[in-house]
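Numbering (UniProt numbering), first residue to last: 1 to 54. The beta-carbon is built from N, C-alpha and C at its ideal position, and this holds for glycine as well. From a predicted model like this one, the values you see are computed outputs, not experimental measurements. As structure tokens, the structure follows; a few thoughts come after it.
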Amino acid sequence: RHIETHYHWIRERVEEGKIRLSHVAGVSNIADGLTKPLARPAFEAFRNALALKA
Numbered sequence: 001r002h003i004e005t006h007y008h009w010i011r012e013r014v015e016e017g018k019i020r021l022s023h024v025a026g027v028s029n030i031a032d033g034l035t036k037p038l039a040r041p042a043f044e045a046f047r048n049a050l051a052l053k054a
């Protein structure tokens, strides 16, 4: 029920034009770095996108 309420709230904002949804490819999606192991170059790009330093 809680999820259903949030779903409808977001759907209504989209219909009102207050929120615009768009597809983001995994290569460009910063959050994708939290979902799988990354090779060093991809990890460094992910880390830089988050503005973190080692």
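Does the distance from the C-beta atom of residue i to that of residue j stay below 8 Å?
i: I30; j: L50; result: yes
Using CA coordinates, which residue listed in the options is at the minimum distance from residue i?
i: H23; options: A45, D32, E4; result: D32
i: L21; options: V27, S28, I10; result: I10
i: S28; options: F46, Y7, H6, I19; result: F46
Take residue i and list the residues in its own chain whose beta-carbon comes closer than 8 Å to its own, dropping the five residues that flank it on each side.
i: E15; result: none
Looking only at its own chain, which residues have a Cβ that is under 7 Å from the Cβ of residue i, when we skip the five neighbours before and after it?
i: A39; result: none
Is there at least one non-hydrogen atom of the ligand ATP closer than 7 Å to the beta-carbon of residue i?
i: E16; result: You won't find the ligand ATP in this model; it holds no ligand whatsoever.
For residue i, does the three-state DSSP call read helix, strand or coil?
i: V14; result: helix
i: R20; result: coil
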